[in-house]
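Asker: Take the sequence shown: its position 262, counting from 1, is numbered 320 in the working numbering, and each next residue is one higher.
Just so it is clear, CB atoms sit at the ideal spot from N, CA and C, and this is done for glycine as well.
Predicted model only: the values in this text are computed from it and were never measured.
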Amino acid sequence: MDKQVQIERAQRFRALHDRSRVLLLPNAWDAGSARIFEDLGFDAIATTSGGVAWSLGYADGEHAPLEEVIRAVWRIVRVVSLPVTVDFEAGYAESPEAVAASVRAVIDAGAAGINLEDGIHHERLRDIDDAARRIAAAREAARDMGVPIVINARIDAWIIGGEAGAAERFDETLRRAQTYLAAGADCIYPIALADADTIARLCTELDAPINVGLRPGLPDLATLAGLGVARVSTATRLASLALSQARDAAREWRDTGRFAFLDAGFAYPELQRLFPDT
Numbered sequence: 059m060d061k062q063v064q065i066e067r068a069q070r071f072r073a074l075h076d077r078s079r080v081l082l083l084p085n086a087w088d089a090g091s092a093r094i095f096e097d098l099g100f101d102a103i104a105t106t107s108g109g110v111a112w113s114l115g116y117a118d119g120e121h122a123p124l125e126e127v128i129r130a131v132w133r134i135v136r137v138v139s140l141p142v143t144v145d146f147e148a149g150y151a152e153s154p155e156a157v158a159a160s161v162r163a164v165i166d167a168g169a170a171g172i173n174l175e176d177g178i179h180h181e182r183l184r185d186i187d188d189a190a191r192r193i194a195a196a197r198e199a200a201r202d203m204g205v206p207i208v209i210n211a212r213i214d215a216w217i218i219g220g221e222a223g224a225a226e227r228f229d230e231t232l233r234r235a236q237t238y239l240a241a242g243a244d245c246i247y248p249i250a251l252a253d254a255d256t257i258a259r260l261c262t263e264l265d266a267p268i269n270v271g272l273r274p275g276l277p278d279l280a281t282l283a284g285l286g287v288a289r290v291s292t293a294t295r296l297a298s299l300a301l302s303q304a305r306d307a308a309r310e311w312r313d314t315g316r317f318a319f320l321d322a323g324f325a326y327p328e329l330q331r332l333f334p335d336t
């Protein structure tokens, strides 16, 4: 990608976090899904680590080789004109220095933003200072490359907390958010936080954009905006929905021998027009 174009996309993506309205981020898992989301008129696109990993034939959780993930990001960026922010899990590296190298690679693929999470294999929280150093290393890598990416710091206290109660989880989330913002993060993502009152309190306590992951049972977008949410994303849910629909259709065909349901509402001609022939 042309460097100036990438810088402009990163600047545009950053401007979308001004909290004047909720930024809607559908999470793509390949170039096809990304192009569909662009055609629907979204302002930016995120990736889903789970969906990308599945499309490459791996389990989620940094099991896909970094080189294959980077290539998948490159393919997504190639077919859209929107900013693309990458779910970069924990940075595909053990040390802050190695995180910096990985971040340089994903920026080189065209990313306008990244997620970095502080959970380790969805089992325990990373030491807060270590997590902050990794964010600082990512920020320094972006500065070195001259691309003002948006760093979305994912805090896993609501999915990894052991016996901690809601009050302890909130305090830990707030402590980590403040530390990560000081280290160079731009946005905070308390994944799995779904309680409206707690979301509102976090938005009040932090002078930073808050990302909420959409799920059934959450308040609608107008209500989330009223709570102070700046950005919403879909994580693996769109990829899961697409794969679920494909599985159900294939099972119906196998079990009944009928296939009228394969008459898709969004079919070959409509899909074909979304992609260049070169």
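Give the straight-line distance between the Cα atoms of residue 75 and residue 254, rounded to the nearest whole angstrom.
Answerer: To locate residue 75, count along the sequence shown from 1; it is residue 17. To locate residue 254, count along the sequence shown from 1; it is residue 196. The straight-line gap from Cα to Cα measures roughly 21 Å.
Asker: Between the Cα of residue 266 and the Cα atoms of 200, 206 and 243, which residue gives the shortest distance?
Answerer: Mapped onto the sequence shown, residue 266 falls at position 208. Nearest option by C-alpha distance: 243.
Asker: Between which residues of its own chain and residue 165 is the CB-CB distance below 6 Å, once the five residues before and five after are set aside?
Answerer: Counting from 1 along the sequence shown, the entry for residue 165 is found at position 107. Contacts found: 203 and 205.
Asker: Could you say if the stretch 111-123 and the stretch 132-145 meet the contact criterion of at least three C-beta pairs nearer than 8 Å?
Answerer: no
Asker: Report the option in 304, 220, 85 and 315 whose CA atom is closest to the CA atom of residue 270.
Answerer: Locating residue 270 in the sequence shown gives position 212, counting from the first residue. The option with the nearest alpha carbon to residue 270 is 85.
Asker: According to DSSP, is residue 14 part of a helix, a strand, or is it coil?
Answerer: Shown here, the chain extends from 59 to 336; a query on residue 14 therefore has no answer.
Asker: Which first and last residues belong to the alpha helix (DSSP H) in which residue 91 is found?
Answerer: The residue you call residue 91 lines up with position 33 of the sequence shown. Residues 89-97.
Asker: Since residue 81 and residue 102 are thought to touch, with beta carbons under 8 Å apart, how far apart are those beta carbons, to the nearest angstrom?
Answerer: Taking the first residue of the sequence shown as position 1, residue 81 is located at position 23. Taking the first residue of the sequence shown as position 1, residue 102 is located at position 44. Their Cβ separation, rounded to whole angstroms, is 7 Å, which keeps residue 81 and residue 102 in contact under 8 Å.
Asker: Within the continuous alpha helix (DSSP H) that includes residue 301, where are the two ends?
Answerer: Within the sequence shown, residue 301 is the residue found at index 243, counting from 1. That run of the alpha helix (DSSP H) goes 295-314.
Asker: Going by C-alpha distance, which of 148, 159, 173 and 208 is nearest residue 185?
Answerer: Locating residue 185 in the sequence shown gives position 127, where the first residue counts as 1. It is 148 whose Cα lies nearest to the Cα of residue 185.
Asker: Only counting runs of 4 or more residues, tell me where the alpha helix (DSSP H) segments fall wholly within the stretch 159-205, in order along the chain.
Answerer: 186-203
Asker: Please state whether the Cβ-Cβ distance between residue 260 and residue 249 is less than 9 Å.
Answerer: The residue labelled residue 260 in the question sits at position 202 within the sequence shown. The residue labelled residue 249 in the question sits at position 191 within the sequence shown. Not a contact, by the Cβ cut-off of 9 Å.
Asker: Go to residue 65, then tell me how far its alpha helix (DSSP H) extends in each direction, as first and last residue.
Answerer: On the sequence shown, position 7 is the one that residue 65 refers to. Element bounds for residue 65: 61-73.
Asker: Whole-angstrom Cβ separation of residue 130 and residue 161, contact assumed at under 8 Å?
Answerer: In the sequence shown, residue 130 corresponds to position 72, counting from 1. In the sequence shown, residue 161 corresponds to position 103, counting from 1. Under the criterion of beta carbons closer than 8 Å, residue 130 and residue 161 do not qualify as touching, at roughly 16 Å.
Asker: Along the beta strand (DSSP E) that carries residue 211, what are the first and last residues, could you check?
Answerer: Numbered from its first residue, the sequence shown carries residue 211 at position 153. Note, residue 211: beta strand (DSSP E), 208-213.
Asker: Please classify residue 177: is it buried, with 16 or more other beta-carbons within 10 angstroms of its beta-carbon, or exposed?
Answerer: In the sequence shown, the residue the question calls residue 177 occupies position 119. Buried.
Asker: Does the beta-carbon of residue 170 have 16 or more other beta-carbons within 10 angstroms, so that it is buried, or is it exposed?
Answerer: In the sequence shown, the residue the question calls residue 170 occupies position 112. When all chains shown are included, residue 170 counts as buried.
Asker: Give the straight-line distance between the Cα atoms of residue 107 and residue 83, rounded to the nearest whole angstrom.
Answerer: Along the sequence shown, read from residue 1 onward, the residue named residue 107 stands at position 49. Along the sequence shown, read from residue 1 onward, the residue named residue 83 stands at position 25. Rounded to whole angstroms, residue 107 to residue 83 spans 14 Å at the Cα level.
Asker: Beta strand (DSSP E) containing residue 257: first to last residue?
Answerer: Taking the first residue of the sequence shown as position 1, residue 257 is located at position 199. Note, residue 257: premise wrong, no beta strand (DSSP E); alpha helix (DSSP H) at 254-263.
Asker: Residues in its own chain within less than 6 Å of residue 96 by CB, not counting five upstream and five downstream?
Answerer: The sequence position of residue 96 within the sequence shown is 38, counting from 1. The residues are 138 and 140.
Asker: Is residue 337 near residue 183, with beta carbons less than 9 Å apart?
Answerer: In the structure as shown, the chain begins at 59 and stops at 336. Residue 337 is therefore absent and cannot be evaluated.
Asker: Measure the alpha-carbon distance for residue 314 versus residue 308 and round it to whole angstroms.
Answerer: Stepping through the sequence shown from its first residue, residue 314 is reached at position 256. Stepping through the sequence shown from its first residue, residue 308 is reached at position 250. Cα to Cα, the separation comes out at about 10 Å.
Asker: From residue 343 to residue 94, what distance separates their C-alpha atoms?
Answerer: The requested residue 343 does not occur in the structure, where the chain is confined to residues 59 to 336.
Asker: Relative to the C-alpha of residue 278, which candidate in 66, 145 and 252 has its C-alpha closest?
Answerer: Stepping through the sequence shown from its first residue, residue 278 is reached at position 220. Residue 278 has its Cα closest to that of 252, out of 66, 145 and 252.
Asker: Of the residues 316, 194, 257 and 143, which one's Cα is nearest the Cα of residue 69?
Answerer: Numbered from its first residue, the sequence shown carries residue 69 at position 11. Measuring from the Cα of residue 69, the nearest candidate turns out to be 143.
Asker: Please tell me whether residue 208 and residue 172 are closer than 9 Å, where the distance is taken between their beta carbons.
Answerer: Taking the sequence shown and counting its residues from 1, one reaches residue 208 at position 150. Taking the sequence shown and counting its residues from 1, one reaches residue 172 at position 114. Yes, these two residues count as a Cβ contact at 9 Å.
Asker: Report all residues from its chain with a CB closer than 8 Å to the CB of residue 236; omit the five preceding and five following residues, and keep chain order.
Answerer: Along the sequence shown, read from residue 1 onward, the residue named residue 236 stands at position 178. So the list reads 264, once near-sequence residues are dropped.
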